[in-house]
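Sequences listed follow chains Y and L, in order. Quick note on numbering: the first sequence equals residues 75 to 515 in the working numbering. Quick note on numbering: the second sequence equals residues 75 to 515 in the working numbering. Every residue, glycine too, gets a C-beta built ideally from N, C-alpha and C. This report concerns only the one structure given below.
There are 2 protein chains.
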Amino acid sequence: MNTKERSRRRFLKEGAALAGLAVGGVRSVSGQKREITRLPTWEEVEGKTPHYYQRTPRRTYGTPSPFEAVHREPKTPGDRAWATPLDQVTGIITPSGLHFEIGPTPTPDIDPRQHRLLIQGMVDRPVILTMEELKRLPAVSRIHFVECEGNGNTVIQEFMRYGGMMQEGLTLRHICGSTSCSEWTGVLLSVLLKEAGVQEGARWVVAESADPGKNFRNVPLDKAMDDVMVAYGQNGEAIRPEQGYPIRLLVPGWEGNINVKWLRQLKVTDRRYAANNREKGFLLTYPDMNPDEKGRWFQFELGPKSIITFPSLGRQLPGPGFYEISGLAWAGAGAIRRVEISTDGGRTWKDARLDAPVLPKAHTRFRIPWNWDGKEVVISSRCTDEKGHIQPTLEEYSKLYGVPIEHWVTTSGGVYHWNPINPFRISQDGKVHNAIYPLPL
Amino acid sequence: MNTKERSRRRFLKEGAALAGLAVGGVRSVSGQKREITRLPTWEEVEGKTPHYYQRTPRRTYGTPSPFEAVHREPKTPGDRAWATPLDQVTGIITPSGLHFEIGPTPTPDIDPRQHRLLIQGMVDRPVILTMEELKRLPAVSRIHFVECEGNGNTVIQEFMRYGGMMQEGLTLRHICGSTSCSEWTGVLLSVLLKEAGVQEGARWVVAESADPGKNFRNVPLDKAMDDVMVAYGQNGEAIRPEQGYPIRLLVPGWEGNINVKWLRQLKVTDRRYAANNREKGFLLTYPDMNPDEKGRWFQFELGPKSIITFPSLGRQLPGPGFYEISGLAWAGAGAIRRVEISTDGGRTWKDARLDAPVLPKAHTRFRIPWNWDGKEVVISSRCTDEKGHIQPTLEEYSKLYGVPIEHWVTTSGGVYHWNPINPFRISQDGKVHNAIYPLPL
Numbered sequence: 075m076n077t078k079e080r081s082r083r084r085f086l087k088e089g090a091a092l093a094g095l096a097v098g099g100v101r102s103v104s105g106q107k108r109e110i111t112r113l114p115t116w117e118e119v120e121g122k123t124p125h126y127y128q129r130t131p132r133r134t135y136g137t138p139s140p141f142e143a144v145h146r147e148p149k150t151p152g153d154r155a156w157a158t159p160l161d162q163v164t165g166i167i168t169p170s171g172l173h174f175e176i177g178p179t180p181t182p183d184i185d186p187r188q189h190r191l192l193i194q195g196m197v198d199r200p201v202i203l204t205m206e207e208l209k210r211l212p213a214v215s216r217i218h219f220v221e222c223e224g225n226g227n228t229v230i231q232e233f234m235r236y237g238g239m240m241q242e243g244l245t246l247r248h249i250c251g252s253t254s255c256s257e258w259t260g261v262l263l264s265v266l267l268k269e270a271g272v273q274e275g276a277r278w279v280v281a282e283s284a285d286p287g288k289n290f291r292n293v294p295l296d297k298a299m300d301d302v303m304v305a306y307g308q309n310g311e312a313i314r315p316e317q318g319y320p321i322r323l324l325v326p327g328w329e330g331n332i333n334v335k336w337l338r339q340l341k342v343t344d345r346r347y348a349a350n351n352r353e354k355g356f357l358l359t360y361p362d363m364n365p366d367e368k369g370r371w372f373q374f375e376l377g378p379k380s381i382i383t384f385p386s387l388g389r390q391l392p393g394p395g396f397y398e399i400s401g402l403a404w405a406g407a408g409a410i411r412r413v414e415i416s417t418d419g420g421r422t423w424k425d426a427r428l429d430a431p432v433l434p435k436a437h438t439r440f441r442i443p444w445n446w447d448g449k450e451v452v453i454s455s456r457c458t459d460e461k462g463h464i465q466p467t468l469e470e471y472s473k474l475y476g477v478p479i480e481h482w483v484t485t486s487g488g489v490y491h492w493n494p495i496n497p498f499r500i501s502q503d504g505k506v507h508n509a510i511y512p513l514p515l
Numbered sequence: 075m076n077t078k079e080r081s082r083r084r085f086l087k088e089g090a091a092l093a094g095l096a097v098g099g100v101r102s103v104s105g106q107k108r109e110i111t112r113l114p115t116w117e118e119v120e121g122k123t124p125h126y127y128q129r130t131p132r133r134t135y136g137t138p139s140p141f142e143a144v145h146r147e148p149k150t151p152g153d154r155a156w157a158t159p160l161d162q163v164t165g166i167i168t169p170s171g172l173h174f175e176i177g178p179t180p181t182p183d184i185d186p187r188q189h190r191l192l193i194q195g196m197v198d199r200p201v202i203l204t205m206e207e208l209k210r211l212p213a214v215s216r217i218h219f220v221e222c223e224g225n226g227n228t229v230i231q232e233f234m235r236y237g238g239m240m241q242e243g244l245t246l247r248h249i250c251g252s253t254s255c256s257e258w259t260g261v262l263l264s265v266l267l268k269e270a271g272v273q274e275g276a277r278w279v280v281a282e283s284a285d286p287g288k289n290f291r292n293v294p295l296d297k298a299m300d301d302v303m304v305a306y307g308q309n310g311e312a313i314r315p316e317q318g319y320p321i322r323l324l325v326p327g328w329e330g331n332i333n334v335k336w337l338r339q340l341k342v343t344d345r346r347y348a349a350n351n352r353e354k355g356f357l358l359t360y361p362d363m364n365p366d367e368k369g370r371w372f373q374f375e376l377g378p379k380s381i382i383t384f385p386s387l388g389r390q391l392p393g394p395g396f397y398e399i400s401g402l403a404w405a406g407a408g409a410i411r412r413v414e415i416s417t418d419g420g421r422t423w424k425d426a427r428l429d430a431p432v433l434p435k436a437h438t439r440f441r442i443p444w445n446w447d448g449k450e451v452v453i454s455s456r457c458t459d460e461k462g463h464i465q466p467t468l469e470e471y472s473k474l475y476g477v478p479i480e481h482w483v484t485t486s487g488g489v490y491h492w493n494p495i496n497p498f499r500i501s502q503d504g505k506v507h508n509a510i511y512p513l514p515l
């Protein structure tokens, strides 16, 4: 490409909405007049305040800039669920410090020198491992999301609570903050089970935690032999205490609660154990709910889901002009194949660009340029996974689970595996609202 | 696969060296006798000490377990180079808190509300951007390594200092701790330059930092229009102060010093500017060294490189038995195609397994099972990139740069773009030593 070409090829073919920025720099996007031929010295900006101070000495372990105030927060005051501020996460990796956390028990700080993993039950060679021994075994590093099966149920609760209108002050973390994506490192469960020698007739692996809650979950043997991992690494370092230090079960693509944290025992059995978790919300995975082990209510795999992270619920656009619509998509069944965006309330759809790498059972970043004309608009994203499953509309989701929409918005019953398309309405003042319910604009 | 098959298929076909772990659990790897039919209660372990305490309240931003003591450290006392403990990093992502840091000036804490990016020089439409405006532009998220061009030169310095023998106490961070890999998010420089309109005759982009050092570097226009990024995100959150908050230049695959941190200006020019960095070590990239812009000494792209992270320099193997040899490989020219491992001093080589994703200009994790018989052994890794370049031996590297090995080990001259195969020698006592120099075992 020669330089003339370079000069002609402006990137904003969709409407050159950033023209204000580019034409001689007289005006910025925000309409502010600016001198652009030189950078301001810091004395010229906001009086005499210097623009930086020198941080000494160097830090042995870095932390974010003091100017950044991105935190996990409870979804609602006093909530057990601490949510990832998904609208402030760039890329596909969730910073370990911002991984969502849900659970009835406080986080234990386990001494790894004393921790053990026991593998027993219907195996030829029961085995007990120290953390040191576990780390000598063949390992894998894989990028996977973990999503709470209740991610999204706040939508319903808030809808109920506020009489059909979403509460002011809600942001993306309230409606979609219980999913995070990390690079996990650990030993495949299949490696451990092959070493132990699974006996004839075994069908389940019961995973038990070491925390005072003595939480346990049942993993079908087929899944256990597939891609389940006993993970000790998260984004390059030891798993954080809140995510299961020193080890957790990682069950890619399946609902969060089965990814047992602070793992201490794996028992191979021919039957499921009744989980002892008293949380009403977890009843869906209980055998007593599904004596025949059939039906969608007994499905552990999370469906295809996408959410626009910008512009998203609670944000305020400064005005008309160019924006990039961006978001995340993921699916329990495998990789995301396609994400489509609508900026006309779902009438027409355009393919978004997917940032590489697009990985199985991992958050996938999508982006599409957009020029907002300042009129009220409804934007939505929908994804398709590698098996061709398409993210459902609210109506389709409702039909799939055989529960009418009215049921969810009028009862306090939990909503699980919530993956319908979640449109946002942007009003003329630039405010972004939730538009998932069929309410008049 | 039926359960009988499962029982038969032990994973350690290479020698079942973990048999001690598996045979009824009577013995662990470390030879300790154990009761394996049940987990110890914590009262039974080390007296009455409970194995955990409950951490309350929940933390808005998580940190590692207090039992983990993984830190960045200076390569040598008083060194300006703070190194990543690469031997303790799992996977390919380097935790942001452990990213290496090198530079003569302290880290500035820049107020992003006051920071500006100015693009001027040989462009049709000069532009100045606030951080808010920059973040409205089309972005990309990509996983790339950043490596200091001097990564590895401690090998030489220490060799000199200690009379041909490596110093006791050296670990992997001393010889290879100045490379890190992150998911970076930002705006491609090509997007900004197309918007500004590059003029005829332009050949370089001069990037200037906002820190007191007023560091600047020259990026050839072709590279600038390729994959260079103005990055504001690192591993899902704002770039850390030490890595250039609020924005840095990211020049994938090229030597670290050109990835200008705390970026404040990009000037498009027809000539290189003489960089003002007074560091002797950076002379290699200075125009006065290379008036004809030719020759390997003027190359910015980093060659293919791999390093075994376990077992690596300074580690101590507890005894003979099964281990997984693991490490990282990367190349400035693109993706890693192949990593081979030798456990006989380079006589024979076996392909290692590469963990997905294998990405261009990114750390790639390799792994291979290994059974140590307890005899002295030399282990090495060598990689090949997608263009077929093979990591050189020390002799080949020496020939490539036209500098004899003796020169490096007898002068204090810097060593740059250091990428020869780095063998480790494991002595009978399990200690891991550096074996890069042709010394008698």
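State the DSSP-derived secondary structure class of residue i, mapped to helix, strand or coil.
| i | result |
| --- | --- |
| valine 103 (chain L) | Interpretation of valine 103 (chain L) is limited by its pLDDT of 42, a score under 50 that renders its predicted location unreliable; the figure taken from the coordinates is listed afterwards. In this structure, valine 103 (chain L) counts as coil in the three-state DSSP scheme. |
| leucine 246 (chain L) | helix |
| tyrosine 471 (chain Y) | helix |
| tyrosine 127 (chain Y) | Low confidence applies to tyrosine 127 (chain Y): its pLDDT is 49, below 50, so where it sits in the model is not reliable enough to give any reading. |
| leucine 203 (chain Y) | strand |
| arginine 414 (chain Y) | One detail in the question is off: residue 414 (chain Y) reads as glutamate in this sequence, not arginine. If DSSP states are grouped into helix, strand and coil, glutamate 414 (chain Y) belongs with the strands. |
| valine 265 (chain L) | helix |
| aspartate 530 (chain L) | Nothing can be reported for residue 530 (chain L), as the shown portion of chain L is limited to 75 through 515. |
| leucine 387 (chain Y) | coil |
| leucine 428 (chain L) | strand |
| serine 139 (chain L) | coil |
| glycine 395 (chain L) | strand |
| glycine 260 (chain Y) | strand |
| serine 254 (chain Y) | strand |
Thinking C-alpha only, which one of the options is nearest residue i?
| i | options | result |
| --- | --- | --- |
| tyrosine 306 (chain Y) | Y:Leu337, Y:Glu398, Y:Leu387 and Y:Gly243 | Y:Leu337 |
| arginine 190 (chain L) | L:Asp459, L:Thr164, L:Pro140 and L:Arg322 | L:Arg322 |
| serine 283 (chain L) | L:Cys255, L:Gln308 and L:Pro320 | L:Pro320 |
| leucine 266 (chain Y) | Y:Arg210, Y:Ala509 and Y:Pro378 | Y:Arg210 |
| glycine 406 (chain L) | L:Leu428, L:Thr383, L:Cys457 and L:Val451 | L:Cys457 |
| glycine 388 (chain Y) | Y:Thr137, Y:Ile193, Y:Pro159 and Y:Arg277 | Y:Pro159 |
| glutamine 308 (chain Y) | Y:Val197, Y:Val214 and Y:Ile332 | Y:Val214 |
| glutamine 317 (chain Y) | Y:Thr467, Y:Val272, Y:Leu340 and Y:Thr259 | Y:Thr259 |
| glutamine 465 (chain L) | L:Cys222, L:Glu207 and L:Trp404 | L:Trp404 |
| proline 494 (chain Y) | Y:Met299, Y:Ser252, Y:Ile381 and Y:Thr137 | Y:Ile381 |
| proline 567 (chain Y) | Y:Thr181, Y:Leu263 and Y:Thr164 | For chain Y, the structure presents residues 75 to 515; residue 567 (chain Y) sits outside this window and is missing. |
| cysteine 222 (chain L) | L:Val334, L:Pro443 and L:Ser454 | L:Val334 |
| serine 252 (chain L) | L:Gln339, L:Glu175 and L:Ile217 | L:Glu175 |
| valine 272 (chain Y) | Y:Thr383, Y:Asp285 and Y:Leu295 | Y:Leu295 |
| aspartate 447 (chain L) | L:Ala312, L:Gly393, L:Ala426 and L:Glu329 | L:Gly393 |
| alanine 436 (chain L) | L:Asn445, L:Ile500 and L:Arg216 | L:Arg216 |
Where DSSP assigns a beta bridge to residue i, which residues make up the other side?
| i | result |
| --- | --- |
| alanine 403 (chain L) | L:Ser380 and L:Thr438 |
| leucine 191 (chain Y) | Y:Leu203 |
| proline 148 (chain Y) | Y:Trp156 |
| tryptophan 492 (chain Y) | Paired residues: none, contrary to the question. |
| threonine 32 (chain L) | Because chain L in this structure spans residues 75 to 515, residue 32 (chain L) falls outside the shown range and cannot be described. |
| asparagine 508 (chain L) | L:Phe498 |
| arginine 216 (chain Y) | Y:Trp258 |
| asparagine 445 (chain Y) | Y:Phe396 |
| isoleucine 453 (chain L) | L:Phe498 |
I think residue i touches residue j, with their Cβ atoms under 8 Å apart; what is that distance to the nearest whole Å?
| i | j | result |
| --- | --- | --- |
| cysteine 250 (chain L) | phenylalanine 219 (chain L) | Not a contact, Cβ separation roughly 12 Å. |
| glutamine 390 (chain Y) | glycine 504 (chain Y) | 5 Å |
| arginine 441 (chain Y) | aspartate 429 (chain Y) | 7 Å |
Residue ranges of each beta strand (DSSP E) run of no fewer than 3 residues wholly in the region 278 to 345 of chain Y, ordered along the chain?
-> 278 to 283, 290 to 294, 303 to 308, 322 to 324 and 337 to 343
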